[in-house]
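J.: Let me give you the structure first, and then I'll get to my questions.
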């Protein structure tokens, strides 16, 4: 393995130093080396924080590394000139960073343009593609810079980080000691533990403090540096709340410069491995999408400030009310996270023995007991515990974050997209987890919907959502064709497979015209020419096989379609076997479980052939590749079943993001891609550009060579995310307003 031989460090303090650094680059590399760079910043907000250190460097053919760093506090103009020089040099051979999108944002935040025509490289992507497709928990590589370097390159890679971490810890301890001393003098109950316990409660904040300590606490809070105060998410200062710009600058500079070394080392280790594994196609796709993802992240989400204030008040009151109900029911205060205590109460007070008190365990018991007696005290107890767990989690996760942003004067919130957040290539972000549905009170009235907080931006027509319709099941159908066993039920769910036109023309999935008109021509079943094709309900198909005696039109069948059929279909698509199905349905006996498990393959025998193909390929060769040429190494057949389908869906959407973004740039549109949320893209639509939404839809539905139609459904709202509704096209949107 190639490694850096010698390391030369230099702090740039004046323009002459910068000129010499550039000259060294040109002389030592013939202007043919990649530039590696990073930023140390005032915080982690991609729009509101700024860089204060800019380390960068390169290595030579002899593997000598030259690393430089400039400090914005020494010379702001020099800092920007250095950044501009880095961009200019990078146009020749590329720019590499670890989580490079974040560093691009930081340069943009100080007015430095980062053009699309630079070859951007991200070592997080390199790590993912150079290793087996396994999570760290299953033996795969960590994506963190130093975590990876420690494991694969040099055990001392965290030495400099330990030093700055200790300084952050010491600073936080000093501030927290001052707080404890202040409050302890007022009331001796305010120990460090008491302060921690008090602020662990999601409903506790400075305004809920006792009057005698509220003022002193506020004074302490105001004494903190603004950067620390803005980072705080609890009542005390955590070490991670201390930004790097408040640390000893010499140590921080050395730490930052060594990060460039580890970035180089990761590149040197991973880049050849990707070539050896013939995974260049995946790398190209990931690198080309980086500018588009940066623009998506820069769009952000508009916050409904009034709603956030109102719901904070309402939800807080409701939580207090439900806690009081819980206290009145059992006569003591308990924390919803006290699993042992909850188990003890269920046993001693309600004579109920449970295996565990997690969500699934309590839900199962709750459903059983509620049928027998919905008013029983134990039913009310479990219901309150489960409700409070959900409410408090949502309050902390989805609401308080927005409250903090508003308190800092922000009415727009931003998030980062991890383009290799999963081994399949599917992106992740915190906004992906926003619940589709809101919470109601115990009397059924609406209480809180997290998506209600996201509203149309001022000056924009509204928010459009283009959501791929069951894309993974469509790709599953495509895979049954590709492995030579087209599945009748699954294919007929998404196209008129084995159907004919009135003139006898047989549907041909290899004919692009037939794919294009799969839904707007009249197709009839080949075996029943008088009966028009209707898309198969895939969840009903599995349910019907599992419960053949039930009337498909009965309420019981409809209930089981969702409870059993839908869940089994998705579980089997993810490679679930009998034991997993048994865990999913603990109320059924083994005979029923076998019938449910077998029902999937009986309804979709072509899928079983695809599964067999995955197992066979994983035995024959060390990798499997998805529909976009992306290779996954080290998978079992079980893991490959899901990874190929999910990975193909992930790269389909990534390619379409890139094309939609290019369309927007080419036409100089003010409409923006806002975010990828699972299988959909959200857009902020600018007035007068509504017609382009349908162009985006066409782009998203494009999949050259596909044998199964890919469909993106339109949803739109002129108010907030929670209010979005389905529409055929933008003309229907206009007619509805």
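Numbering (our numbering), first residue to last: -18 to 718.
Positions of the beta carbon are idealized from the N, C-alpha and C atoms, including for glycine.
1) Do you know offhand how far residue 144's Cα is from residue 340's?
2) Which residues in the same chain have their Cβ closer than 7 Å to the Cβ of residue 138, if we skip the five residues on either side of it in sequence?
3) Measure the C-alpha to C-alpha separation of residue 179 and residue 306 and round it to an integer number of angstroms.
4) Near residue 32, which residues of its chain fall below 6 Å by C-beta distance, leaving aside the five closest residues on each side in sequence?
5) Using a Cβ-Cβ cut-off of 8 Å (strictly less than) and excluding sequence neighbours within five positions of residue 73, which residues of its own chain qualify?
6) Pull up the distance between the alpha-carbon of residue 496 and that of residue 516, whole angstroms please.
7) Ends of the alpha helix (DSSP H) at residue 686?
8) Ends of the beta strand (DSSP E) at residue 437?
9) Are the beta-carbon atoms of residue 41 and residue 9 separated by less than 8 Å?
10) Could you pull out every residue in the same chain whose Cβ sits closer than 7 Å to the Cβ of residue 229, ignoring the five residues on either side in sequence?
11) Since residue 300 contacts residue 698 with CB under 8 Å, what's their CB separation in whole angstroms?
12) Three-state secondary structure (DSSP) at residue 701?
13) From residue 448 to residue 565, what distance separates their C-alpha atoms?
14) Report the rounded CA-to-CA distance for residue 347 versus residue 560, giving the unit in angstroms.
15) Measuring CA to CA, which of 334, 269, 364 and 376 is closest to residue 298?
16) Please state the DSSP three-state secondary structure of residue 243.
17) Taking C-alpha atoms, which residue in 65, -14 and 28 lies nearest to residue 45?
18) Does residue 452 come out as helix, strand or coil in the three-state DSSP assignment?
19) Have a look at residue 254 and residue 549 and give me their C-alpha separation to the nearest angstrom.
20) Measuring only the C-alpha atoms, how far is residue 270 from residue 469?
21) In this structure, does DSSP put residue 45 in helix, strand or coil?
22) DSSP state of residue 0, grouped into three classes?
23) So, at 7 Å on beta carbons, what are the nonlocal neighbours of residue 115 in its own chain, with the 5 sequence-adjacent residues on each side left out?
24) So, at 6 Å on beta carbons, what are the nonlocal neighbours of residue 478 in its own chain, with the 5 sequence-adjacent residues on each side left out?
25) Within 10 angstroms of the Cβ of residue 25, are there 16 or more other Cβ atoms? Answer buried if so, exposed if not.
26) Could you tell me the alpha carbon to alpha carbon distance between residue 106 and residue 611, rounded to whole angstroms?
27) Between which two residues does the beta strand (DSSP E) holding residue 215 run?
28) Residue 249 and residue 590 - do their beta-carbons sit closer together than 8 Å?
29) Find out if the Cβ-Cβ distance for the pair residue 725, residue 644 is shorter than 8 Å.
30) Can you list, in chain order, the residues of its chain with a C-beta nearer than 8 Å to that of residue 313? Leave out the 5 residues immediately preceding and following it.
31) If you run the structure through DSSP and keep just helix, strand and coil, what is residue 504?
32) Closest to residue 562 by C-alpha separation, out of 574, 213, 357 and 695, would be which residue?
33) Measuring only the C-alpha atoms, how far is residue 605 from residue 330?
34) Is it the case that the Cβ atoms of residue 662 and residue 638 are separated by a distance below 8 Å?
35) Output needed for residue 487: all residues of its chain with C-beta closer than 6 Å, excluding positions within five of it in sequence on either side, in chain order.
36) With H, G and I counted as helix, E and B as strand and the rest as coil, what does DSSP make of residue 335?
T.: A quick look at the data gives this:
1) Looking at the two C-alpha atoms, the distance is approximately 41 Å.
2) 127, 130, 131 and 243
3) Rounded to whole angstroms, residue 179 to residue 306 spans 21 Å at the Cα level.
4) 20, 22 and 87
5) 12 and 13
6) 14 Å
7) No alpha helix (DSSP H) contains residue 686, which DSSP labels as neither H nor E.
8) Here residue 437 belongs to no beta strand (DSSP E), and DSSP marks it neither H nor E.
9) yes
10) 148
11) So it is not a contact: roughly 28 Å between Cβ atoms.
12) strand
13) 28 Å
14) 23 Å
15) Residue 298 has its Cα closest to that of 376, out of 334, 269, 364 and 376.
16) helix
17) The alpha carbon of residue 45 has as its nearest neighbour, out of 65, -14 and 28, the alpha carbon of -14.
18) helix
19) 38 Å
20) It is roughly 36 Å from the alpha-carbon of residue 270 to the alpha-carbon of residue 469.
21) If DSSP states are grouped into helix, strand and coil, residue 45 belongs with the strands.
22) Helix.
23) 121, 404 and 615
24) So the qualifying residues of the chain are 472.
25) By the 10 Å Cβ count, residue 25 comes out exposed.
26) 13 Å
27) Taken as a continuous stretch (DSSP letters only), residue 215 belongs to no beta strand (DSSP E), as it is neither H nor E.
28) no
29) Examination of residue 725 is not possible in this model, given that the chain is present from -18 through 718 alone.
30) none
31) Here residue 504 sits in coil by DSSP.
32) 574
33) Taking the straight line from one Cα to the other gives about 55 Å.
34) yes
35) 481
36) coil
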